[in-house]
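Some notes on the structure that comes next.
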Amino acid sequence: MSAHTAPSLPTPQLVCDVQITSKTTLEKLYTWPAGTVLEYPETSATGSIGHLFPISTFTPTRNMMYSTGDPKGGPGKKHPVFVDILLDDNGQKVPCKLSFKTCQGIRACPYADLEDLRAPHTTASREEIARRLALEQKQQDDHLSTNAILFRKTLSYFVALQRQGCGGPPHEETVYSASELDERDEWIAQQEQIRRGHSPRPTCNGRLFFRYDGQGRAFVVCEHRNRKGNLDHLIDFTAGSGLYNTEYLEALFFNDTDMIAEFEEQGLAVANTGPSSICTTVANCSTIKVDCVNEHRDADGKIVLAALTRLICKCKFLLYEPHPEYAKQCPWVLLVCHGDHPHPIPLPTKTPPHIRDMLFDLLERLDHDLADLTPRRFLRHPATTSFLCQLLPHDDSPTLLDLHTSLGNRDHLRSYIVQVQRRMFPSGTGWDGLLHLKQQQDVELLPEDAYIRCVEEFPALGLDTYDDDDDGDELASTSSFRIAICMTRESSHLLLKAKFLQSDISFRRIAGFKEFELGGLDASSRTSAAYCRIYVNQQTAAAHQIIFQKIHDIVLNDTGENLRWRHLHARSRTEEVGVLHFVMDQHGGQAKGLGLYLKAYAQRLPGKMDLHEERPLSSLDEYDHLARVARLCTAHIYRNIRKANVPEGVRNLMRSLVCMQHDSWDETIERIVAEGGRPAANWVADKIRSKFAFPAMCWEKSFIPKSIWQVGDNTSNIIESLHADANREGVSCTLVGGVKKGLNFDSLKLKTLGNLGVLGIRPGYARGHISETTKKSLKRKATVQHKVLSKQDIRIQNQNKRMRTVYDAKIQAERKLQTLQSGAGSQTALERALHAHDRTREAFEKVVAASRELVGSGSGKVGRLLPSGQGQSSLA
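Residue numbering for the sequence shown follows the numbering used here, beginning at 360 and increasing consecutively.
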């Protein structure tokens, strides 16, 4: 079935000359079977046509493509009417409700041939609409040329500039003449009507001028723009880019009526298009658009926004429905159409109500995908595909367009999605929507089934600030802090048993919020697990302190036990209880927030001594606590080193600091600063400023037991992979959408872990042994190393080619100079030879320096061309 073809109508029973009341006789009476969707019911210019339908959920008038409205009404239920053909089982007429509506006609451009458009019709179909549109398109194509297209494109550009205006911020008042004020008021009134009451953003109302620059290039500029200020006002050089007819555009700006008429007569009138041509635009009466899309000129020759005019129709639709108590005895409704339609056939833009209800039901069942649903996502959603395959089993690749042609309009589809979203999320999908979702959860679910555990907002004035905060958000000190924590009771038990933790913050998944995720590797199954997801709008130290304290409180509430940490709760250095090891990146706010939480925790353990230093735990500051548990992700460290603008030798010195022990730590730091210049000095200063980076990079500088350091992960790859998995569910989500997707993802993960623990079914064929993980890691490292060395070999080969070329040029210049110095040429030639010799020598020195930079890189299979004694291959 093609997109424009309606589903084939069943063949109705037809009876002629049927009397239904003492005053009304139907010329024809069609009896339609159940389920018929009649979009264009037949009517009569001289009498009435009846359509008899079995009673269903929806009245037949709701399936019509004709817009209906006033005058409308009926005598009401208190004044029943009786119809000769609406009878009960005994052949007696049943009381019916009569209601009538009037066709609202259609909207058309006032510059169209309105007399031609008022040609009446009594029958209609999609095929007739298709033929009319095809004929209009053919007439345009027969006359349209590239020259006409260029003129129309130029005119559209001019009109768009006039509608948009400068678009910059208001700066100073523009002084208009009296005639300009009248035109502007009229223009603003038209724009208000188009916006349907929506207030526009205040913008500059300056005039737009057509100008030429010093090179003769045309441009359009706002009168309030100048080089000393107001650079945010419009200036557009597209006008002189060659994409438009500049002469025609200049005439439009200067309102040169003679030139405009000449251009439009030559370029547009011949093609039967343009502002002075007869328009063919028509639209359904229900359209929200109030103006014609084409440009038009009024009687005075001015470009206007032509408001669509309504073609009046007096066709009546009378509906006879048995009163509800008689519906079973007489299960029929009668639609009577009277009068012709003096207007074009309306387009099938309205979705039949039964299809719309099916779509609404489908949308409501999408659950966690609904909050962030768009028409594109809905069209390719697996649930939509399954729904269409069941409904249209004979179509190999069904789409919503095959269900009804109106669904080809994605804005129309978006309106349905928005309606369901508003019903399912009455408070929206942002912060207020999450508050509403938590209220629903607290009412409908048992406390042990809750997922959204905390949704709170803290005023900015109530939060501590620190000089070493690393938030990157200038509004952090002035905006309130919002936090939403999502975790299950089962996750609390997993977190309580966890010994090795990792954390990471994602900036992509939730629009306007950061997602802080705490996770690790489940020891028994060796499967990654996310213990909780926290959505925040700040990442300061105070914010992270609140995060960790809230997680602590939730675990205590769920399990009856406090989170424990090795250095706080162990009785000896060798006892391993609670969290042993915490991998993170070098974000100052996150690290200090964890340290502040541990510091506050230690204050609740009076009299307990530190395991590593002879002093009370309560005397440790936040960075002392970090030195006992925190470790930096080496992947982050190495990536930042690789990006550093320092020699490779300095990079190797930096990498050497990531170690168990270092024999010459201070000397290495000094060498990095001395040999690496400012970038290296900044790198070292950044590590010192953080106050925890160096102990988190080198074991001997921390207080983490050696065996724990050796066993613990040196990267945050586990939490990074969990974030990557969550991102596959969608990024740039709304807050509600992200939370619901997170719930779906975490539930699946927990069920997978439960299935593994109870029945031993793993999520893949891998057996989960550490040897498999180690092998995979080694293979990945080998692959990466091979790629890196291959790229370095290619660089060496290319450098060798440059070296050979420059060296040959240098030798040639030297020989030529020697020849000329022996008196075999003029003074001018000698000077040129000297200049060429100096130039090639400088080039050779540069390429030699570049080659020296490559010493130590590559696989060793490619030799390096360097001067004698300086490389593996000599040029001497």
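Note that the Cβ used here is the ideal one computed from N, Cα and C, for glycine as well.
None of these values were measured; they are calculated from a predicted model.
Just so you know, the alpha carbons of lysine 856 and valine 777 end up roughly 44 Å apart. Of all C-beta pairs linking the stretch 632 to 651 to the stretch 660 to 678, three or more are shorter than 8 Å, placing the two stretches in contact. Between the alpha carbons of valine 396 and glutamine 800 lies a distance of about 41 Å.
Taking arginine 1163 as reference, the option from Ala1202, Pro757 and Gly660 with the minimal CA-CA separation is Ala1202.
At a Cβ-Cβ threshold of 9 Å, glutamate 398 and asparagine 422 count as neighbours. A distance of 9 Å or more separates the beta carbons of leucine 608 and threonine 505. With 16 or more other Cβ atoms from the protein chains shown falling within 10 Å of its own Cβ, threonine 427 counts as buried. The C-beta separation of leucine 721 from leucine 738 comes to about 12 Å, leaving the pair out of contact by the 8 Å criterion. The criterion of a C-beta distance shorter than 9 Å is satisfied by glutamine 861 and isoleucine 1077.
Secondary structure at valine 663: strand, using DSSP grouped into helix, strand and coil. Within the stretch 478 to 532, no beta strand (DSSP E) run of at least 3 residues lies entirely inside it.
Apart from the 5 residues on each side of it in sequence, proline 681 sits with its Cβ closer than 7 Å to the Cβ of Leu445, Val453, Cys455 and Cys689 in its chain, given in chain order. Under DSSP, lysine 1110 shares a beta bridge with no residue.
The Cβ-Cβ distance between leucine 1107 and alanine 889 does not fall below 9 Å. Only residues of its own chain outside the window of five on either side were considered, and among them Thr427, Lys460, Phe676, Leu678 and Leu694 have a CB closer than 8 Å to the CB of threonine 420, listed in chain order. CA-CA distance, asparagine 1157 to cysteine 748, rounds to 57 Å. For methionine 943, the enclosing beta strand (DSSP E) begins and ends at 940 to 943.
Exclusion of the five residues before and after alanine 577 leaves Tyr571, Ala598, Gly599 and Thr605 as the residues of its chain whose Cβ lies within less than 6 Å of its Cβ. Just so you know, the alpha carbons of histidine 702 and glutamate 539 end up roughly 38 Å apart.
Judged by DSSP secondary structure, arginine 998 falls within the alpha helix (DSSP H) whose first and last residues are 993 to 1002. With fewer than 16 other beta carbons inside 10 angstroms of its own, glutamate 531 counts as exposed. At a Cβ-Cβ threshold of 9 Å, phenylalanine 875 and arginine 848 do not count as neighbours.
Just so you know, the alpha carbons of glycine 1217 and asparagine 999 end up roughly 21 Å apart. Annotation for lysine 1169: Thr1199, Arg1200 and Phe1203 place their beta carbon closer than 7 Å to its own, counting only its chain and skipping 5 residues before and after. Histidine 410 is bridged by DSSP to Tyr389 and Leu694. Taking C-beta atoms as the reference points, histidine 763 and proline 818 fail to come closer than 9 Å.
Under DSSP, the beta-bridge partners assigned to lysine 675 are Thr461 and His697.
Of the residues assessed, phenylalanine 1051 falls on the buried side of the cut-off, its CB having 16 or more other CB atoms within 10 angstroms. Considering only Phe412, Thr380, Ile408 and Asn916, the residue with the shortest C-alpha distance to glycine 394 is Phe412. Here glycine 464 is buried: its Cβ has 16 or more other Cβ atoms, across all protein chains shown, within 10 Å.
With at least 16 other beta carbons inside 10 angstroms of its own, glutamate 981 counts as buried.
The C-beta separation of histidine 926 from arginine 987 comes to about 4 Å, placing the pair in contact by the 8 Å criterion. A buried status is given to aspartate 731, since no fewer than 16 other beta-carbon atoms sit within 10 Å of its beta-carbon. By the neighbour-count criterion, in which a residue is buried when 16 or more other Cβ atoms sit within 10 angstroms of its Cβ, glutamate 621 is exposed. If you draw a straight line from the Cα of glutamine 780 to the Cα of valine 1095, it comes to about 11 Å.
Taking 3 residues as the shortest admissible run, the stretch 557 to 630 contains the following complete beta strand (DSSP E) segments, listed from N- to C-terminal end: 567 to 571 and 577 to 581.
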